[in-house]
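Enquirer:
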DNA sequence: ACCAATTTGTAACAGCTGTTACACTTTCCC
DNA sequence: GGGAAAGTGTAACAGCTGTTACAAATTGGT
């Protein structure tokens with residue numbers, strides 16, 4: 003486990019023996035979970051620091067109408083809800099559910115606070131993690147600020163576009179992308195069709211070929 | 003100045019003499035600004051911690067089409083861009099401009115890092131501040147996730163609604179609210195008109211009277 | 001009290017998106 | 001290999017929002 007943990011952003015830069023040493027001083031536990039388990043509900047208090055060791059989690063917001071907007075996917079060895087452990091209102095902002103079986107390391111808040119004071123590198127790592135979190139959310143807001151689906155597609159593709167490589171491999175299906183964009187799935191499919199008819203791109207399962215990067219940029 | 007600073011979230015819990023003592027150990031400067039000054043452009047690197055001492059700032063995102071979305075207003079003695087001082091990509095997420103004359107305290111990043119290590123209370127305050135920041139952005143996202151203007155109005159009003167007090171005082175005009183909602187001003191006005199015709203509320207300059215709170219809740 | 005600037009109300013129209021429904025294709029699993 | 005499940009393409013329609021333009025009301029300053 004310690005070799006996984008040394009790759010974790012929160013324990014980056016520490017030797018396995020140092021990690022072992024630190025964890026020896028701080029009470030912690032392992033929690034196992036299964037696919038589709040609901041690990042936390044939005045609004046629930048965040049009582050512990052959680053580091054994902056195995057599996058895959060997703061956080062999604064659910065509005066009053068029941069629509070869901072997938073905010074992010076979490077892979078090991080990321081920290082879960084790092085930005086919500088401190089602050090005035092330390093509650094989960096999203097429903098947290100498991101997309102695959104796995105396990106995570108749990109350290110209760112008071113113990114985690116002690117961990118931060120025990121090692122300056124860990125503290126610095128944590129500062130970076132929550133700052134990254136804030137920055138991620140900020141980028142998410144500017145993304146949602148795009149009004150049209152065309153703009154969202156263009157921005158998304160240009161983010162993943164490397165000049166010279168016309169193909170962009172997709173790790174998510176259209177349903178998942180639509181949730182991420184905060185739009186309806188058929189609407190996304192329709193806009194993709196239009197962009198194909200206009201010769202701007204070719205959308206196949208699992209990959210997109212950008213046929214006219216200039217036109218794509220002009221959509222923004 | 004130190005009496006203002008002791009009320010600042012970052013220096014909360016410290017005595018004025020302690021603040022003076024700390025600032026004596028850490029190089030810093032004061033920057034004055036005027037109304038409508040552009041203090042930072044989105045994408046610019048955040049090189050220093052900034053604490054607003056006087057005046058009023060606003061942060062707004064501008065997309066490629068020139069549409070702007072006001073993200074927040076900052077009042078003294080708040081910290082500016084606290085969540086963007088650390089992390090992989092420490093750059094301003096918004097255009098920062100002055101809504102009124104004022105001044106701020108500036109501490110360059112290396113000096114600020116030293117400040118954090120000099121006092122544990124300051125460190126803990128800072129952790130709370132950036133966590134609050136992340137939480138604020140998260141709430142902003144769930145707000146933007148509301149699809150219709152009716153939903154946004156309902157949610158906004160219910161947030162400020164106190165049972166027993168039918169009137170909600172507005173500190174912003176419709177233009178400003180529309181920017182905050184990420185919608186066009188005439189569209190907001192139209193929806194307000196509809197809600198008035200339906201007898202759900204009465205919108206006057208500076209205040210809103212909720213005439214049917216039940217119906218308002220049902221909009222969500 | 002007056003004028004200028006700001007804020008708000010309203011209208012018509014075009015454009016985009018959500019909804020719903022269904023056919024089709026691909027993938028997965030027994 | 002075959003059937004079920006998941007993913008994708010498409011269509012028609014209603015509904016909501018942005019745009020633009022202008023009138024009316026209010027505010028602020030002189």
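Residue numbers (my numbering), protein chains in the order written: chain A, 3 to 222; chain B, 3 to 222. Every residue gets a Cβ at the ideal spot worked out from N, C-alpha and C, and that includes glycine. Just so we're clear, the structure is a prediction, and the values are computed from it rather than from any experiment.
(1) Please decide whether residue 189(A) counts as near chain B, where near means a Cβ-Cβ distance under 7 angstroms.
(2) Should residue 202(A) and residue 217(A) be called a contact, given that it needs their Cβ atoms to be closer than 7 angstroms?
(3) Is any beta-carbon of chain B found at less than 7 angstroms from that of residue 178(A)?
(4) Since residue 58(B) sits in a beta bridge, which residues does DSSP pair it with?
(5) Could you compute how far the alpha carbon of residue 44(A) sits from the alpha carbon of residue 62(A)?
(6) Quick check: is the beta carbon of residue 143(A) nearer than 7 angstroms to any beta carbon in chain B?
(7) Just to confirm my understanding: we take residue 85(B), look at its own chain, exclude 5 residues before and 5 after, and list those with CB closer than 7 angstroms. What are they?
(8) Does the beta carbon of residue 88(A) sit closer than 7 angstroms to a beta carbon anywhere in chain B?
(9) Assuming residue 105(B) and residue 33(B) make a contact with CB atoms under 8 angstroms, what is their CB distance in whole Å?
(10) Who are the Cβ neighbours of residue 155(A) in its own chain at under 6 angstroms, not counting the five residues just before and after it?
(11) Quick check: the Cα distance between residue 22(B) and residue 139(A), rounded to an integer number of angstroms?
(12) Three or more C-beta pairs closer than 8 angstroms, one from the segment 89-105 of chain B and one from the segment 33-42 of chain B: is that the case here?
(13) Quick one: Cα of residue 24(A) to Cα of residue 107(A), how far?
(14) What span of residues does the alpha helix (DSSP H) with residue 21(A) cover, start to end?
(15) Which residues share a DSSP beta bridge with residue 31(B)?
(16) Can you list the residues of chain B that residue 182(A) reaches, using a CB-CB cut of under 8 angstroms?
(17) Taking the beta strand (DSSP E) that residue 127(B) belongs to, which residues open and close that run?
(18) With C-beta atoms as the reference, is residue 76(B) less than 7 angstroms away from residue 48(B)?
(19) With respect to 6 angstroms, is the separation between the Cβ of residue 23(B) and the closest non-hydrogen atom of the ligand SAH below this value?
(20) For residue 15(B), which option in 120(B), 127(B), 196(B), 46(B) has the closest C-alpha, if you only look at C-alpha atoms?
(21) To which residues does DSSP link residue 219(B) through a beta bridge?
(22) Look at the Cβ atom of residue 31(A), then the Cβ atom of residue 54(A), and state whether they are nearer than 7 angstroms.
(23) Leaving out the 5 sequence neighbours to the left and right, which residues in its chain are closer than 6 angstroms to residue 211(B) when beta-carbon positions are compared?
(24) Taking beta-carbon pairs under 9 angstroms, can you tell me which members of the segment 40-62 of chain B lie near chain A?
(25) Indicate whether at least one CB of chain A lies closer than 7 angstroms to the CB of residue 136(B).
(26) Hey, is residue 113(B)'s beta-carbon within less than 7 angstroms of any beta-carbon in chain A?
Expert: Taking the coordinates as given:
(1) No, residue 189(A) does not count as interfacial toward chain B.
(2) In contact: residue 202(A) and residue 217(A) (Cβ atoms closer than 7 angstroms).
(3) no
(4) 102(B)
(5) 9 angstroms
(6) yes
(7) 132, 135, 136
(8) yes
(9) 6 angstroms
(10) Here the set comprises nothing.
(11) 35 angstroms
(12) yes
(13) Note on geometry: alpha-carbon atoms of residue 24(A) and residue 107(A) lie some 14 angstroms from one another.
(14) In this chain, the alpha helix (DSSP H) harbouring residue 21(A) covers 18-27.
(15) 108(B)
(16) What residue 182(A) touches in chain B: nothing, since even the nearest Cβ is about 12 angstroms away.
(17) That residue, residue 127(B), is in no beta strand (DSSP E); its alpha helix (DSSP H) goes 122-146.
(18) Cβ distance not < 7 angstroms, so residue 76(B) and residue 48(B) don't count as in contact.
(19) The ligand SAH is not part of this structure, which contains no ligands at all.
(20) Answer by Cα proximity: 127(B).
(21) Residue 219(B) is not bridged to any residue.
(22) no
(23) Only residues of its own chain outside the window of five on either side were considered, and among them 168, 169, 204 have a CB closer than 6 angstroms to the CB of residue 211(B), listed in chain order.
(24) Per Cβ criterion, the list reads 44.
(25) It does: the Cβ of residue 136(B) has a partner Cβ on chain A nearer than 7 angstroms.
(26) no
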